[in-house]
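Those sequence lines, one after another, are chains A and B. When we follow UniProt numbering, the leftmost residue of the first sequence carries the number 1, and every step to the right adds one. When we follow UniProt numbering, the leftmost residue of the second sequence carries the number 1, and every step to the right adds one. First the structure, in the form of structure tokens, and then the observations on it.
There are 2 protein chains.
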Amino acid sequence: MPSKLTTEPACENVDSSFLRSLLGYNTRRVTLKIFDIFAARTRAYGLKPVEFSVLNLIGHNPNISHGQLCAELALLPPNLTKILQKLTKKHLIQRFRPESDKRAVYLKLTETGQQQLHELEIVITKLERDSASNLSDEELEQLIQLLQKNYGKTA
Amino acid sequence: MPSKLTTEPACENVDSSFLRSLLGYNTRRVTLKIFDIFAARTRAYGLKPVEFSVLNLIGHNPNISHGQLCAELALLPPNLTKILQKLTKKHLIQRFRPESDKRAVYLKLTETGQQQLHELEIVITKLERDSASNLSDEELEQLIQLLQKNYGKTA
DNA sequence: TATTGTTATACTCTATAACTATA
DNA sequence: TATAGTTATAGAGTATAACAATA
Numbered sequence: 001m002p003s004k005l006t007t008e009p010a011c012e013n014v015d016s017s018f019l020r021s022l023l024g025y026n027t028r029r030v031t032l033k034i035f036d037i038f039a040a041r042t043r044a045y046g047l048k049p050v051e052f053s054v055l056n057l058i059g060h061n062p063n064i065s066h067g068q069l070c071a072e073l074a075l076l077p078p079n080l081t082k083i084l085q086k087l088t089k090k091h092l093i094q095r096f097r098p099e100s101d102k103r104a105v106y107l108k109l110t111e112t113g114q115q116q117l118h119e120l121e122i123v124i125t126k127l128e129r130d131s132a133s134n135l136s137d138e139e140l141e142q143l144i145q146l147l148q149k150n151y152g153k154t155a
Numbered sequence: 001m002p003s004k005l006t007t008e009p010a011c012e013n014v015d016s017s018f019l020r021s022l023l024g025y026n027t028r029r030v031t032l033k034i035f036d037i038f039a040a041r042t043r044a045y046g047l048k049p050v051e052f053s054v055l056n057l058i059g060h061n062p063n064i065s066h067g068q069l070c071a072e073l074a075l076l077p078p079n080l081t082k083i084l085q086k087l088t089k090k091h092l093i094q095r096f097r098p099e100s101d102k103r104a105v106y107l108k109l110t111e112t113g114q115q116q117l118h119e120l121e122i123v124i125t126k127l128e129r130d131s132a133s134n135l136s137d138e139e140l141e142q143l144i145q146l147l148q149k150n151y152g153k154t155a
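Given below as structure tokens:
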């Protein structure tokens, strides 16, 4: 790319005050930071945040359906199918067709799945607390409450 | 996929309490919600959130360099290059090579760029306020403060 | 005909490696 | 030799369309 020359001085301290005043900018940055720590601490399990979310919901909601998972996690059906295939290959979940509606798929954890979910929940609970080390317990709780209040039942 | 049949009852109300207790889950959901509204309200400008962030930083930091932008926004150089090419094509930014170091690139907004940045900042300020309609002014401010305190200077 | 979930595929976003030019 | 930025490309994440099986 051809560019004109300049003798103007460089920009010294970067002013990002406008961006830092935006909720969306801040939530994205925090998400990226936490997901980095997540990747580092759960490497042994080979599961990404969304995949853990799916495992968790199946664990706490036996016989949850494909459609219910999509709605709860704002995932599109084709993408959830891939995640479920991966979890099935890792022998973490089992699939059942209800007699009452043979189109649907009901999901459950295997023994292995329950064990890994339990371990992961411990790792992640600790990880969450550590990733917010700048915040007191009260502040963290308050932060999460404010975030929930924001996206509420709509999403 | 072959699945066994079951006569067990469906899962009724989905319990997502564990996920909702996680900071990372909540920040991701809020980000997605805000970015959806962003897309809807800024469609006329044809800029995505990251592209707006770049435009904003260049506007508030004349002669900012490629490297400074990457550091501030946690972008990789090749991906920033693409964004800058798009902004250049839209005649929103200009590129200069400093006499002192002809490897570097200093960036500035064009007149058009300044105009569009100004308009976008108004749209986005309003959008941010509307997207957090469940929160009072005080709560929104507090929320942003807590988020900033979390990722602080490290990220 | 409508619904549940799958397959195939395209598009976007992010990441890595190799390169040019300056220093 | 090291640094700033670019190019090309690969991989992950997300989206749309068409389909099979069941209701």
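Here a beta-carbon is modelled for each residue, glycine too, at the ideal position from N, C-alpha and C. Note that the structure is predicted; figures quoted are calculated from it, not measured.
Contact under 9 angstroms by Cβ, residue i with residue j
i: B:Ser-3; j: A:Arg-103; result: no
i: B:Thr-23; j: A:Leu-147; result: Rather than Thr, the amino acid found at residue 23 of chain B in this sequence is Leu. Yes; because the gap between Cβ atoms is below 9 angstroms, this pair is in contact.
i: A:Asn-56; j: A:Lys-108; result: no
i: B:Glu-121; j: A:Phe-18; result: yes
i: residue 196 of chain B; j: A:Asn-150; result: With chain B represented from 1 up to 155, any question about residue 196 of chain B goes unanswered, as that position is not in the structure.
i: A:Gln-114; j: B:Cys-11; result: no
i: B:Arg-28; j: A:Pro-49; result: yes
i: A:Leu-32; j: A:Ser-53; result: no
i: B:Ser-65; j: B:Val-123; result: no
Rounded C-alpha distance that separates residue i from residue j
i: B:Asn-61; j: B:Glu-138; result: 29 angstroms
i: B:Asn-26; j: B:Arg-97; result: 43 angstroms
i: A:Arg-129; j: B:Thr-110; result: 45 angstroms
i: B:Leu-75; j: B:Arg-43; result: 23 angstroms
i: A:Ser-133; j: A:Ile-37; result: 13 angstroms
i: B:Ala-155; j: A:Asp-101; result: Note on B:Ala-155: pLDDT 38, under 50, position unreliable in the model; no value is reported.
i: B:Asn-13; j: A:Glu-51; result: 21 angstroms
i: A:Ser-21; j: A:Leu-47; result: 33 angstroms
i: B:Gln-145; j: A:Leu-140; result: 12 angstroms
i: B:Leu-143; j: A:Tyr-45; result: 33 angstroms
i: B:Leu-80; j: B:Ser-16; result: 37 angstroms
i: B:Cys-70; j: A:Ala-71; result: 35 angstroms
i: A:Ala-40; j: A:Glu-99; result: 42 angstroms
i: A:Ile-34; j: B:Ile-34; result: 19 angstroms
i: A:Leu-87; j: B:Val-30; result: 27 angstroms
i: A:Ser-131; j: B:Ser-131; result: 26 angstroms
Simplified DSSP assignment, three categories, for residue i
i: A:Lys-4; result: strand
i: B:Pro-62; result: coil
i: B:Pro-9; result: coil
i: A:Leu-69; result: helix
i: B:Arg-43; result: helix
i: B:Thr-154; result: No answer about B:Thr-154 holds up, because its pLDDT of 44 lies below 50 and its placement is not dependable.
i: residue 161 of chain A; result: There is simply no residue 161 of chain A to check, as chain A begins at 1 and stops at 155 in what is shown.
Whole-Å CB distance - residue i paired with residue j, under 8 angstroms assumed
i: B:Thr-125; j: B:His-91; result: No, B:Thr-125 and B:His-91 are not in contact; Cβ-Cβ is about 24 angstroms, not under 8 angstroms.
i: B:Ile-93; j: B:Ile-58; result: 6 angstroms
Residue i burial status per 10 Å Cβ neighbour count (16 or more: buried)
i: B:Gln-116; result: buried
i: A:Thr-7; result: exposed
i: A:Lys-89; result: exposed
i: A:Pro-9; result: exposed
i: A:Gln-85; result: exposed
Near the ligand GDP: residue i beta-carbon under 8 angstroms from a heavy atom
i: B:Gln-114; result: Although the ligand GDP was asked about, the structure shown includes no ligands whatsoever.
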